[in-house]
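Asks: This is the structure I have questions about; it appears just below.
Protein chains in written order, with our numbering: chain Z, 2 to 278; chain P, 2 to 344.
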């Protein structure tokens, strides 16, 4: 991934206003504009303005409690489900504010899927029904179409070969890594435009993690992926762009290779070299 | 729990022979008692109190069986399928079918109406209600369980009966009277009213157990449903009800158990007199249940009549056992299918 220096400057974090790019190098998928978030009186995100490119993997790193998860939960309006949670600012999905009046959060979540830290398949449903659940919510009843979508999603999640003969088995009978890939397949089945992943590998062993990292790389042809991780190596391996968050503020954002090899902010450097975190 | 207990037992067993060898002669009761640790005493007490449950169960079955021997000896299996209830000396004839069916029909109405209302309450309390409302409302609902059943009976007899008659039964018999189940005159003094009063009585149990189950569903399940674009109701359906279905089923069975055994309130509103006529062919007919018949006739029954009432008792007892065993089996089956729960 090589990007001009000019792009790098545009992405710089101190510039909190939405920047108008005269010559967009690549289309933007999600932009947050002065995003602030609270849990009660706890101000967890402060003026975060981030621009996420389409068909790329963007990693969000930072120490625990820095607001990484809250940031992506604001993108698909999951944050507001927590009692006493508040948001201000804007999140643009293809230039449309998902927080605009009259926008149904349900429709936002269908366009921006999410995978969670702990695998959470529906334990009372079969593998097949887990994947088909979202489509059935959308009213899809056609068996042939459901079959195709289930196979396609499981393929994308690198799970099809392992479960194709046991689609009727319970979703919770799979191993932890398989459960997480099942959750990825479930999220992909509704054909979202963006996939948010909230520390998807933190509960998994290295082999399961490697599989998921491989599939993430594979996904960016069709999806925009935003992954939160506390594992810097993982961010370096899977992402094209990396954002470093500290105490709810966006400290630095840029091309992953540049950010890791040549951080511009002292805080970033200290975090990357393990001086704190 | 297992490990420490084993070790305690092991030490006392080892210590006991040594002690016995030492004071073989002065083996008084007191010293014997000293040989027991307080743990042994506690275990003995707990075990004996625990086994009381079994003793009560066995004694109940023995008493019921002995009491009902006469009626089963005279009428045999016909006691269960017969419909007569003739107590006059000389021409006595006893059949329990109308009351068995009366019990099943009233409990059936109770559970089908009660579970809907209870689930609605449970969903509101666990998923919708703001936290400052949740606790007081739950308390109020659980308070309903403390209302004596005779009070429900009074209310059913003097208030609820007329609502059922005017707003439910009159339209039913007028427009749907051609269906056998709604055949008859609307009096409000019948099986339908009894079933509906029962359905209200089981709400506290069913709704509070369902609510507990729903609140125990991890929020990751709700998030899973939200993240694939579920609406609030779909979140409840996909994330909460499905996950907690074994608990909700258990709650329903608890309610059914109460509905089958409930006596006083039913006796007051069901309005039938024993005999072939109270076979529950229509919901708008007076009925008699097993428990209501026992309650009304037990006082002045003797001989074979008394034995017939014991017979009803044993049927009721078996119902309760079967319902509970069935519930357990269902819950186990659900757990086997899902292979436990991911956490």
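For each residue, glycine too, the CB sits at the ideal point set by N, CA and C. Note that the structure is predicted; figures quoted are calculated from it, not measured.
Quick check: is the beta carbon of residue 330(P) nearer than 8 Å to any beta carbon in chain Z?
Replies: For residue 330(P), the answer is no, since every Cβ of chain Z falls outside 8 Å of its Cβ.
Asks: My output table needs one value for residue 171(P): the three-state DSSP class, helix, strand or coil.
Replies: helix
Asks: Do the segment 292–309 of chain P and the segment 35–55 of chain P make contact, defined as three or more Cβ pairs closer than 8 Å?
Replies: no
Asks: Report the three-state DSSP secondary structure of residue 97(P) (helix, strand or coil).
Replies: coil
Asks: Would you please state the rounded distance, in angstroms, between the beta carbons of residue 185(Z) and residue 158(Z)? I believe it to be under 8 Å.
Replies: 4 Å
Asks: Does the count of Cβ pairs from the segment 95–111 of chain P and the segment 192–207 of chain P closer than 8 Å reach three?
Replies: yes
Asks: Looking at chain P, which residues of the segment 77–103 of chain Z have a Cβ within less than 8 Å of any of its Cβ atoms?
Replies: Here the close residues are 77, 79, 82 and 84.
Asks: Look up residue 158(Z) in the DSSP assignment and say whether it is helix, strand or coil.
Replies: coil
Asks: Taking all protein chains shown into account, decide if residue 144(Z) is buried (16 or more other Cβ within 10 angstroms of its Cβ) or exposed.
Replies: exposed
Asks: Between residue 32(Z) and residue 53(Z), what straight-line distance do the alpha-carbon atoms span, to the nearest angstrom?
Replies: 6 Å
Asks: In chain P, which residues lie with their C-beta within 8 Å of the C-beta of residue 121(Z)?
Replies: 219, 221, 222, 224, 225 and 343
Asks: Below 8 Å CB to CB, which residues in the same chain sit around residue 163(Z) once its five sequence neighbours on both sides are set aside?
Replies: If we look at residue 163(Z) and ignore the five residues flanking it on each side, its Cβ neighbours are 179.
Asks: Does residue 117(Z) get closer than 8 Å to chain P when you measure Cβ to Cβ?
Replies: yes
Asks: With which residues is residue 38(P) paired in a DSSP beta bridge?
Replies: The partner list for residue 38(P) (beta bridge, DSSP) is empty, contrary to what the question assumes.
Asks: Give a yes or no on whether 8 Å exceeds the smallest Cβ distance from residue 225(Z) to chain P.
Replies: Using a CB distance cut-off of 8 Å, residue 225(Z) does not count as an interface residue toward chain P.
Asks: Taking residue 136(P) as the reference, which of 315(P), 237(P) and 216(P) has the closest Cα?
Replies: Among 315(P), 237(P) and 216(P), the Cα nearest to that of residue 136(P) belongs to 216(P).
Asks: Which value, in whole angstroms, describes the spacing of the CA atoms of residue 18(P) and residue 254(P)?
Replies: With a pLDDT of 49 at residue 18(P), under the threshold of 50, the modelled position of that residue is not reliable, and the figure given next carries that caveat. Computed Cα separation, rounded: 52 Å.
Asks: Would you kindly check if the distance between the Cβ of residue 128(Z) and the Cβ of residue 172(Z) is under 8 Å?
Replies: Going by C-beta atoms, residue 172(Z) is nearer than 8 Å to residue 128(Z).
Asks: Leaving out five residues before and five after residue 224(Z) in sequence, what residues of the same chain have Cβ atoms less than 6 Å from its Cβ?
Replies: 196
Asks: Checking contacts by CB at 8 Å: is residue 111(Z) closer than that to chain P?
Replies: Judged by the 8 Å Cβ criterion, residue 111(Z) is in contact with chain P.
Asks: CB-CB under 6 Å to residue 347(P), same chain, minus the five flanking residues each way: which ones, in chain order?
Replies: Lying outside 2 to 344, the shown extent of chain P, residue 347(P) is not represented and no answer is given.
Asks: Closer than 8 Å between beta carbons: that is the criterion. Which residues of the segment 232–266 of chain P meet it against chain Z?
Replies: 232, 235, 239, 240, 243, 244 and 246
Asks: Are at least three pairs of beta-carbons, each pair with one atom in the segment 226–244 of chain P and one in the segment 121–137 of chain Z, less than 8 Å apart?
Replies: yes
Asks: In chain order, what residues of the same chain have a beta carbon less than 8 Å from the beta carbon of residue 177(Z), not counting five sequence neighbours either side?
Replies: When the five nearest sequence neighbours on each side are left out, the beta carbons in the same chain lying within less than 8 Å of the beta carbon of residue 177(Z) are those of 120, 204, 205, 206 and 209, in order along the chain.
Asks: Have a look at residue 44(Z) and residue 244(Z) and give me their C-alpha separation to the nearest angstrom.
Replies: 19 Å
Asks: With 8 Å as the threshold, decide whether the Cβ of residue 243(Z) is near any Cβ in chain P.
Replies: no
Asks: Would you check if there are 3 or more beta carbon pairs closer than 8 Å linking the segment 298–310 of chain P to the segment 114–130 of chain P?
Replies: no
Asks: Name, going along the chain, the residues of the segment 187–199 of chain Z whose beta-carbon falls closer than 7 Å to a beta-carbon of chain P.
Replies: 187, 188 and 191
Asks: Less than 8 Å between the CB atoms is what I'm expecting for residue 239(P) and residue 134(Z), so what's the real figure, rounded?
Replies: 6 Å
Asks: Between residue 190(P) and residue 270(P), which are expected to be in contact by the criterion C-beta below 8 Å, what is the C-beta distance as a whole number of angstroms?
Replies: 7 Å
Asks: Here's a check: name, in chain order, each residue in its chain whose Cβ is nearer than 6 Å to the Cβ of residue 93(Z), leaving out the five neighbours to either side.
Replies: The answer, listed in chain order, is 32.
Asks: Output the residue ranges of the alpha helix (DSSP H) runs that lie fully inside the segment 43–130 of chain P and measure 4 residues or longer, sorted by chain position.
Replies: 79–82 and 98–124
Asks: For residue 169(Z), which residues from the same chain have a beta carbon less than 6 Å from its beta carbon, with the 5 sequence-adjacent residues on both sides left out?
Replies: Hits under 6 Å: 127.
Asks: Buried or exposed, going by whether 16 or more other CB atoms sit within 10 Å of the CB of residue 1(Z)?
Replies: Because chain Z spans 2 through 278 in this model, residue 1(Z) falls outside it and cannot be assessed.
Asks: Go to residue 194(P), then tell me how far its alpha helix (DSSP H) extends in each direction, as first and last residue.
Replies: Looking at the DSSP string, the run of the alpha helix (DSSP H) that includes residue 194(P) is 192–202.
Asks: In chain P, what lies closer than 7 Å to residue 125(Z) by C-beta?
Replies: 243, 244, 246 and 339
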